[in-house]
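Enquirer:
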Amino acid sequence: MTQPNSHIAPNETAEQHAAFEARIERGEKIEAGDWMPAEYRRQLIRMISQHAHSEVVGMLPEGEWIASAPTLKRKTILMAKVQDEAGHGQYLYHAAETLGATREGMIDALLTRRAKYSSIFNYPTMSWADVGMIGWLVDGAAIKNQTMLAGASYGPYSRAMVRICSEETFHHKQGKEMIVAYAQGTPAQREMAQDALNRWWWPALMMLGPHDADSPNTGIMSKWGVKLKTNDEVRQEFINEHAPELLEAGLTIPDPDLHQDEKGNWKHGPINWDEFWSVIKGERGLGQERLATRQAAHDDGAWVREALQAYTDRQRAVAAD
Numbered sequence: 442m443t444q445p446n447s448h449i450a451p452n453e454t455a456e457q458h459a460a461f462e463a464r465i466e467r468g469e470k471i472e473a474g475d476w477m478p479a480e481y482r483r484q485l486i487r488m489i490s491q492h493a494h495s496e497v498v499g500m501l502p503e504g505e506w507i508a509s510a511p512t513l514k515r516k517t518i519l520m521a522k523v524q525d526e527a528g529h530g531q532y533l534y535h536a537a538e539t540l541g542a543t544r545e546g547m548i549d550a551l552l553t554r555r556a557k558y559s560s561i562f563n564y565p566t567m568s569w570a571d572v573g574m575i576g577w578l579v580d581g582a583a584i585k586n587q588t589m590l591a592g593a594s595y596g597p598y599s600r601a602m603v604r605i606c607s608e609e610t611f612h613h614k615q616g617k618e619m620i621v622a623y624a625q626g627t628p629a630q631r632e633m634a635q636d637a638l639n640r641w642w643w644p645a646l647m648m649l650g651p652h653d654a655d656s657p658n659t660g661i662m663s664k665w666g667v668k669l670k671t672n673d674e675v676r677q678e679f680i681n682e683h684a685p686e687l688l689e690a691g692l693t694i695p696d697p698d699l700h701q702d703e704k705g706n707w708k709h710g711p712i713n714w715d716e717f718w719s720v721i722k723g724e725r726g727l728g729q730e731r732l733a734t735r736q737a738a739h740d741d742g743a744w745v746r747e748a749l750q751a752y753t754d755r756q757r758a759v760a761a762d
């Protein structure tokens, strides 16, 4: 007997939902032309576009340091990483477009603050070590989440994640290599690395999302095979991997309550969720500055979009003749 489903839209039937969920249970991928619930489509557009926005805005904190990189090697590595992030945003915008979203609509939602991106990119980068710590912690947390999403039920999203994860793995290794080198370097370098960890540890934990009990979308996205793990499960995997590595590097994790339980899991202290929500709302952090930078870039690129549109219109006219 079919159970009541609050996610059935007026023009949908319980039988359609049952067939759709049976496909997911069988491990099939849902493709762009397949029937899907309206709520599945809406949630995916919200999730994928937010992910795309995060990649694009995520270029800014590190991009600020390209001109100040200490060596040519570090400069080229950072330039390649920022370029990768731009590409990731493109993959994800394309994935959202397969669901009927438009690039113009998604960008407008970002610039008018109707769409969110990861709040961690509203934290300032105060030193060169922040670039390494972002690679180790922020990209490390992202990989945990994105590896899970590579198995998502929506085909275009999961396939984009496969390529993105392979590139993010390099970013993660580069960040770790930088911080380990500084942690084992001069007193000034060790201090710089520790200061960066002090500022980025808690935001990295927060970026994996609210606790499961406070995450309104986790339930339905898990049911429909988009999220295969909960926020707290992914956060635990992240801490279990990174806590011992940071300690082995000789750094001190800024959590006096951090400890291992009887199962070997590293347990963290209370997270300041008030800070998390205030950064998301723009009450703290660099949200205004980040979006102003994106708006300026969007305005500066208007001539490129106009030229592309003119070229497309001319090609269509030629084809019509």
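Everything in the sequence shown is counted per the working numbering, starting at 442 for the first residue and increasing by one. Backbone N, C-alpha and C fix where the C-beta goes; we use that ideal spot for every residue, glycine too.
(1) Looking at the structure shown, is residue 558 part of a helix, part of a strand, or coil, going by DSSP?
(2) Is the beta carbon of residue 536 less than 7 Å from the beta carbon of residue 598?
(3) For residue 761, is the classification buried or exposed, using 16 other Cβ atoms within 10 angstroms of its Cβ as the cut-off for buried?
(4) Does the count of Cβ pairs from the segment 679-696 and the segment 566-584 closer than 8 Å reach three?
(5) Cutting at 7 Å between CB atoms, please list the residues of its own chain near residue 631, excluding the five before and the five after it.
(6) Assign residue 746 to one of three DSSP states: helix, strand, or coil.
(7) Here's the rule: buried if 16 or more other CB atoms are within 10 angstroms of the residue's CB, otherwise exposed. What is residue 714?
(8) Hey, how far is the Cα of residue 749 from the Cα of residue 756?
(9) Sort 637, 487, 559, 505 by Cα distance to residue 647 and report the nearest one.
(10) Can you list, in chain order, the stretches of the alpha helix (DSSP H) that have 4 or more residues and sit fully within the segment 508-560?
(11) So residue 639 is in the alpha helix (DSSP H); what residue range does that whole segment cover?
(12) Quick one, are the C-beta atoms of residue 573 and residue 616 less than 7 Å apart?
(13) Return the bridge partner residues of residue 707 from the DSSP annotation.
(14) Taking the beta carbon of residue 496 as the centre, do at least 16 other beta carbons fall within 10 Å, making it buried, or is it exposed?
(15) From this set, 595, 695, 721, 498, which residue's C-alpha is nearest residue 471's C-alpha?
(16) Taking the alpha helix (DSSP H) that residue 459 belongs to, which residues open and close that run?
(17) Thinking just about the alpha-carbon of each residue, which of 605, 705, 583, 515 is nearest to the one in residue 525?
(18) Considering only C-alpha positions, which residue in the set 500, 490, 707 is nearest to residue 675?
(19) Suppose contacts are defined by Cβ-Cβ distances below 7 Å. Is residue 480 in contact with residue 529 by that definition?
(20) Measuring alpha carbon to alpha carbon, tell me which residue in 633, 709, 465 is nearest residue 698.
(21) Starting from residue 471, follow its DSSP beta bridges and name the residues at the other end.
(22) Please report the distance separating the alpha-carbon of residue 506 from that of residue 521.
Expert: Per the coordinate set shown:
(1) coil
(2) yes
(3) exposed
(4) yes
(5) 623, 624
(6) helix
(7) exposed
(8) 11 Å
(9) 559
(10) 513-538, 544-552
(11) 628-647
(12) yes
(13) 701
(14) buried
(15) 595
(16) 455-466
(17) 605
(18) 707
(19) no
(20) 709
(21) 595
(22) 13 Å
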